[in-house]
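Working notes, beginning with the structure itself.
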Amino acid sequence: MVSNMSIIAMIISIILSIAFPLALLIYFRIRCKISFAAVGIGAAIFIVFSQILERLMHSYMLYDNNATSNLLKNPLVFAIYGSLAAGIFEEVGRFVGFKFFLKKHREWKDGIAYGIGHGGIEAILIGVLGNLNNIIYSKMINAGTFEKTLGQALSVSKLEQIKSSLINTSPLIFTVSGIERILAVTLQLGLSLLVLYSIKKRKYVFLLLSIVIHALVDFMAVFLAQKGANTWTIEGIVLVFAVISVAFIVKSRELFLLEKIQKPDNIMR
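When we follow the working numbering, the leftmost residue of the sequence shown carries the number 4, and every step to the right adds one.
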């Protein structure tokens, strides 16, 4: 049986995954009058580049191409590949969003708005849908209908793996998944501002830096998980990057204001 505490923890994670980006949206809309267009572009670009284009590449690399499929069976190679793919697709997508779709939205508040859209839709797809799926599975397990309902779709070993994970995982770990979404959204805000700054300054080394940071965070999480590191170690590392991201978010406001003073909007350039 999956404990009621575990199911409650999943619900808490869903609430956190929705509440944090929604609170950011409301706060910055009131405080800075952020553009809903920038929020929408952030969400749309994430879906197109991460959920469609990146997944198409994964499908080819992991299943359609025998050479790469065999190579990626190596855990280290897989961790490097996956982290670089996420970094490149998401950060290049961010660049495309600002460069071509948000030409009139390139202030600090627009970077924040984009990050809310990007991080918010990611939180919904991972934090909300993932935990909702877990709740449905848990209800099936507790009702004794899990194997009967999913037996045709999943192998016996996969069913046992899912069932064992849901039954044996501590409720606290399910709650952590919601906290992780908060940290991830915070990182997305910082990375969005970094990419926007690269466009403002026309110094694309900052775009490269955003790819490296994104890939590094993902790589460390995957690699440490492969090595058996506990959840707290992994989340602790993500927390460090999130704190650095907050520091950059605060500092970057000064950088964008300075840029605006040096190149006022009413001066033709």
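The C-beta atom is built at its ideal place from N, Cα and C for all residues, glycine as well.
Separation of residue j from residue i, as counted between CA atoms
| i | j | result |
| --- | --- | --- |
| arginine 34 | tryptophan 235 | 34 Å |
| isoleucine 18 | proline 24 | 11 Å |
| leucine 153 | glutamine 164 | 13 Å |
| alanine 46 | threonine 189 | 15 Å |
| lysine 254 | tyrosine 63 | 41 Å |
| asparagine 69 | isoleucine 14 | 40 Å |
| threonine 71 | methionine 60 | 11 Å |
| isoleucine 237 | leucine 194 | 20 Å |
| phenylalanine 31 | isoleucine 170 | 40 Å |
| alanine 26 | valine 51 | 25 Å |
| glutamate 183 | tyrosine 117 | 19 Å |
| alanine 232 | leucine 87 | 21 Å |
| tyrosine 115 | lysine 230 | According to the sequence shown, residue 115 is isoleucine rather than tyrosine. One C-alpha to the other measures close to 35 Å. |
| valine 241 | leucine 227 | 12 Å |
| arginine 256 | isoleucine 185 | 21 Å |
| glycine 147 | glycine 239 | 37 Å |
8 Å Cβ shell around residue i - same chain, five flanking residues per side excluded
| i | result |
| --- | --- |
| isoleucine 29 | none |
| threonine 172 | Ser9 |
| leucine 162 | Phe149, Glu150, Leu153 and Gly154 |
| glycine 181 | Ile15, Ser16, Ile17, Ile18, Leu19, Ser20, Gly130 and Asn134 |
| leucine 260 | Trp111 |
| alanine 89 | Ser53, Glu57, His217, Ala218 and Asp221 |
Whole-Å CB distance - residue i paired with residue j, under 8 Å assumed
| i | j | result |
| --- | --- | --- |
| phenylalanine 92 | glutamate 57 | 4 Å |
| serine 16 | threonine 178 | 6 Å |
| serine 213 | glutamate 94 | 5 Å |
| isoleucine 85 | valine 249 | The displayed chain sequence assigns glycine, not isoleucine, to residue 85. About 26 Å; that fails the 8 Å criterion. |
| asparagine 196 | isoleucine 252 | Inspection of the sequence shows that residue 196 is occupied by leucine rather than by asparagine. Right, their Cβ atoms sit about 6 Å apart. |
| isoleucine 202 | phenylalanine 49 | Not confirmed; about 18 Å, so no contact. |
| leucine 105 | isoleucine 44 | 6 Å |
| valine 1 | phenylalanine 98 | This structure cannot speak to residue 1, because the chain is shown only from 4 to 272. |
| tyrosine 200 | leucine 258 | 6 Å |
Close Cβ partners of residue i (< 6 Å) along its chain, the five nearest in sequence each way excluded
| i | result |
| --- | --- |
| asparagine 269 | Annotation note: pLDDT 46 at asparagine 269 (below 50); position unreliable, coordinate value reported separately. Hits under 6 Å: none found. |
| alanine 12 | Pro174, Phe177 and Thr178 |
| lysine 280 | Any question about residue 280 goes unanswered here, given that the chain covers just 4 to 272. |
| lysine 112 | Cys35 and Ile37 |
| asparagine 137 | Met13 |
| glutamine 247 | The question names glutamine, but residue 247 is isoleucine in the sequence shown. Result list for isoleucine 247: empty, nothing under 6 Å. |
| glutamate 262 | Lys203 |
Cβ shell of residue i (< 7 Å), same chain only, five flanking positions each side left out
| i | result |
| --- | --- |
| valine 131 | Ile17, Ser20 and Ile21 |
| glycine 122 | Pro24, Ala187, Val188, Gln191 and Leu192 |
| isoleucine 83 | Phe222 |
| leucine 74 | Val80 |
| valine 5 | Ser141, Ile144, Asn145, Leu169 and Ile170 |
| tyrosine 66 | Ser72 |
| isoleucine 264 | none |
| proline 78 | Gln229 |
Heavy atom of the ligand GTP within 8 Å of residue i beta-carbon
| i | result |
| --- | --- |
| valine 80 | With respect to the ligand GTP, the structure shown offers nothing to examine, as it has no ligands at all. |
Item to check | Sufficient close CB pairs (3 or more, under 8 Å) joining the stretch 180-199 to the stretch 213-225 | outcome: At 8 Å Cβ cutoff, the stretches touch.
Item to check | Every unbroken beta strand (DSSP E) inside the stretch 220-259 [3 residues or more] | outcome: Counting whole runs of 3 or more residues, the stretch 220-259 contains no beta strand (DSSP E) stretch at all.
Checklist entry - Mind pulling the alpha helix (DSSP H) runs of 4 or more residues that sit fully within the stretch 155-192? => result 159-171
Next on the checklist: Does the structure place the stretch 201-208 close enough to the stretch 35-45 that three or more beta carbon pairs sit under 8 Å?
Outcome noted: no
Item to check | Complete runs of the beta strand (DSSP E) confined to the stretch 87-149 [at least 3 residues] | outcome: none
Next on the checklist: Going residue by residue through the stretch 12-60, where are the continuous beta strand (DSSP E) segments of at least 3 residues, counting only ones entirely within it?
Outcome noted: none
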